[in-house]
Structures are given as structure tokens and as C-alpha cells.
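Below you'll find the structure, written out as C-alpha cells, and then a few comments.
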Amino acid sequence: MSRKIVVAGNWKMNKTAAEAEALVKELVGLVSDVCPCKAEIVVCPPFTAIAAAVKAAKGSNIKVGAQNVHWEASGAYTGEISVSMLKELGVEYVITGHSERRQYFGETDHTVHLRTAAALAGGFKVMMCIGETLEERESNRTAEVLDRQLEGGLGGFTAADMENIILAYEPVWAIGTGKTATPEMAEETHRHIRGKVRAMFGDEVAGKIRIQYGGSMKPGNAAELLACPDIDGGLIGGTALKADSFAELVKNAVSGSGC
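Per our numbering, residue 56 is the first one in the sequence shown, and the count goes up by one each step.
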């Protein structure tokens, strides 16, 4: 089944509002020839830079996402942000369950589920992250960990809900460790993830769902990774912070996907 790829830049805690505006304006010109029918291009700046990014991306083929969202509509949740706040800014995508949120801020499969459900109810597309650590990988627990995260994060959702969910596989062990995942290794894990989705939701959902790769995708390996049948895009970190490198990655990804 042909699936439109999704390439999203997660800027993490980088770029001021002014820097975000400049980066998106530059990116708009560099990817203007990428047809929206071939790829969804998303940038996810810090909360303080979202408004500037949305303004700079207006009328282009670039969409804007947020790096997180809280499950409550409002309340005493210092440092959090709500669905309505993001909607007012013009956000269309939300990341949930990123490995750094899990590692540094106590995110659990349960809270990932709550955040994802709130984002779906708010009309967003959700990029829900899953992935195993180096310790889990080396102890041959990859399948166990991914299955647990998928069951905890997606449990109770319907096939209709799944139409607005994109899974992002982050091999935490391959990010900033000097270790690398080959395209074959990445494809094997993506295939397992799709199989678990099939077991949970059936063939149609499994065939439609898009699974991004978040393991240090770069311009030089994007085409090779996207040539794998179960890899449908990328969740990009450092490479997304420079317009020229991110644009090159997007174009190579489209080329690799066979679009």
C-alpha cells in the first residue's frame, strides 16, 4: 500500500521566535517544489516560537506542530500547554511520548495515552513516539518494550482514531551514542511495529498507518531508509535546525520513497 511520507523536524529547545521565523522563511523557498501529495513537511518549534513559525509558513507546504500537549483543558499544571492554546496558535500536529520526555520528565505509557487522546479530541494529527534504550536493545527486549508502549499508548482507540496517528520509532540506543542502526535493522523493527498494530487494529489500519524513523536520519541516509517498505518518513532532530540540510533531507526522502 502506498503511504504519503511525513518528514517532521523536532527543534527541541532550540530557536527563539525571531530565529524560527527566519528558518521557516528560508525553508519555504527551499521546499516549495515538493508537492504536498508526495510528502507532509512539518516543523515543531518550542512553544514560544510557534506563532512566528505559523506566520512564516502561511500559504506554503509546511505545517507546524507542537512538541507536547497536556490532557487537561486548563488548571494548575505549571509548564504545560493545552489543546485550546495550541489550536489558537494554528498548530496542526502534536508530538507525544518523545524519548526525552520519557527519560527526563517522567512520561509514562499512561500519560502518553492521555496526551494522545486529548490531541486527537482536539483535532490534531499526533506523532506518537516509541522506542527502546541501549540496555533494552542489548538484552533482546526490543519487541517486548515496543509492544508495551503500543498497547499502553494506543489501547482503547478506534480505527477512526488511528487515521490521525503517526507512529515515530526512536531507537534511543542509536541517538548520540555512536552506534548506528542499518536500514535493515530499522526496517525489521518497523515491520514488527506494523505487525503489532495489525494484531491490535486489523489489516486495514496496519496498512494505512505511517511509521516514521527517528534514529538520526540525515540527508545522506534518508533515501536508503525511505526505500524500506515499512518506513514512511522521519522525525528529525539536529538536521532540522538548518534549512538547507532539512530541505535536502526532505527531497532525498521523497526520492527514496519512490513517490
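Backbone N, C-alpha and C fix where the C-beta goes; we use that ideal spot for every residue, glycine too.
Could you say which of D299, E155 and K306 lies nearest to A278 if we only look at CA atoms?
Within the sequence shown, the letter at position 223 stands for residue 278. Comparing alpha-carbon positions, the option among D299, E155 and K306 lying closest to A278 turns out to be K306.
Based on the DSSP secondary-structure assignment, which residues constitute the bridge partners of M182?
Within the sequence shown, the letter at position 127 stands for residue 182. Partner(s): I150 and I221.
According to DSSP, E95 sits in a beta bridge with which residue or residues?
The sequence position of residue 95 within the sequence shown is 40, counting from 1. Bridge partners of E95: V61.
Can you list, in chain order, the residues of its chain with a C-beta nearer than 6 Å to that of C223? Leave out the 5 residues immediately preceding and following it.
Your numbering for residue 223 matches position 168 in the sequence shown. Cys is not the amino acid found at residue 223; the sequence shown has Ala there. Within the same chain, Cβ atoms closer than 6 Å to the Cβ of A223 are found at M182, C184, Q267, G269 and L290, the five residues on either side in sequence being excluded.
Local Cβ density within 10 Å of Y132, reported as buried at 16 or more and exposed below that:
Position 77 of the sequence shown holds residue 132. With fewer than 16 other Cβ atoms within 10 Å, it is exposed.
Taking Cβ to Cβ, would you say A94 is nearer than 8 Å to V119?
Indexing the sequence shown from 1 puts residue 94 at position 39. Indexing the sequence shown from 1 puts residue 119 at position 64. No, Cβ-Cβ distance for A94 and V119 is not below 8 Å.
If we count the other Cβ atoms within 10 Å of its Cβ and call it buried at 16 or more, is G148 buried or exposed?
For the purposes of this step, residue 148 is taken as the residue at position 93 of the sequence shown. Inspection of the sequence shows that residue 148 is occupied by Tyr rather than by Gly. Counting of Cβ neighbours within 10 angstroms places Y148 among the buried residues, the total reaching 16 or more.
Can you name the residues that DSSP bridges to G289?
Residue 289 sits at position 234 when you count from the first residue of the sequence shown. Note: G289 sits in a beta bridge opposite V62 and Y268.
Grab me the residues of K251's own chain with a C-beta within less than 6 Å of its C-beta, minus the 5 sequence neighbours each way, in chain order.
Counted from its first residue, the sequence shown places residue 251 at position 196. Correct list, in chain order: D202 and L205.
Pick out whichever of M217, E259, E218 and A198 has its Cα sitting closest to the Cα of A241.
Mapped onto the sequence shown, residue 241 falls at position 186. For A241, the closest C-alpha among the options M217, E259, E218 and A198 is that of A198.
Euclidean distance between Cα positions of H168 and G262
By one-based count along the sequence shown, residue 168 stands at place 113. By one-based count along the sequence shown, residue 262 stands at place 207. The alpha-carbon separation between H168 and G262 amounts to approximately 22 Å.
Taking buried to mean at least 16 other C-beta atoms within 10 Å of its own C-beta, is S154 buried or exposed?
To locate residue 154, count along the sequence shown from 1; it is residue 99. Buried, since its Cβ has 16 or more Cβ neighbours within 10 Å.
Does the beta-carbon of P91 have 16 or more other beta-carbons within 10 angstroms, so that it is buried, or is it exposed?
Residue mapping note: residue 91 aligns to position 36 of the sequence shown, counting from 1. If you draw a 10 Å sphere on the C-beta of P91, you find fewer than 16 other C-beta atoms in it, and that means exposed.
Strictly under 8 Å for the Cβ-Cβ distance: is T163 near chain B by that measure?
No chain B is present in this structure, which holds just one protein chain.
Could you please give me the residues that DSSP links to G120 through a beta bridge?
Translated into positions along the sequence shown, residue 120 becomes position 65. The partner list for G120 (beta bridge, DSSP) reads Y148.
Helix, strand or coil for K273, going by three-state DSSP, please let me know.
Taking the first residue of the sequence shown as position 1, residue 273 is located at position 218. In the three-state scheme derived from DSSP, where H, G and I count as helix and E and B as strand, K273 is classed as coil.
Let me know if T213 comes out buried or exposed under the rule of 16 or more other beta-carbons within 10 Å of its beta-carbon.
Within the sequence shown, residue 213 is the residue found at index 158, counting from 1. By the 10 Å Cβ count, T213 comes out exposed.
Going by alpha carbons, who is nearest to E218 out of L189, F179 and N195?
By one-based count along the sequence shown, residue 218 stands at place 163. The option with the nearest alpha carbon to E218 is F179.
Could you check if H125 is buried or exposed, using at least 16 other CB atoms within 10 Å of its CB as the buried criterion?
Within the sequence shown, residue 125 is the residue found at index 70, counting from 1. Buried.
Own chain partners of G207 with C-beta closer than 8 Å, once the 5 adjacent residues on each side are dropped:
Residue 207 sits at position 152 when you count from the first residue of the sequence shown. So the list reads T163, D164, H165, V167 and H168, once near-sequence residues are dropped.
Selection from E193, F256, A73 and L189 that minimises the alpha carbon distance to L209:
Numbered from its first residue, the sequence shown carries residue 209 at position 154. Closest in C-alpha terms to L209, from the list E193, F256, A73 and L189, comes F256.
When you compare each of A282, G186, A111 and D216 to Q158 by their alpha carbons, which one comes out closest?
Here residue 158 refers to the residue found at position 103 when the sequence shown is read from its first residue. Cα-wise, what sits closest to Q158 is G186.
Could you tell me the alpha carbon to alpha carbon distance between T237 and K67, rounded to whole angstroms?
Residue 237 sits at position 182 when you count from the first residue of the sequence shown. Residue 67 sits at position 12 when you count from the first residue of the sequence shown. Going from the Cα of T237 to the Cα of K67 covers about 25 Å.
Thinking C-beta only, is L304 closer than 8 Å to P274?
Residue 274 sits at position 219 when you count from the first residue of the sequence shown. Residue 304 sits at position 249 when you count from the first residue of the sequence shown. The answer is yes: Cβ separation under 8 Å.
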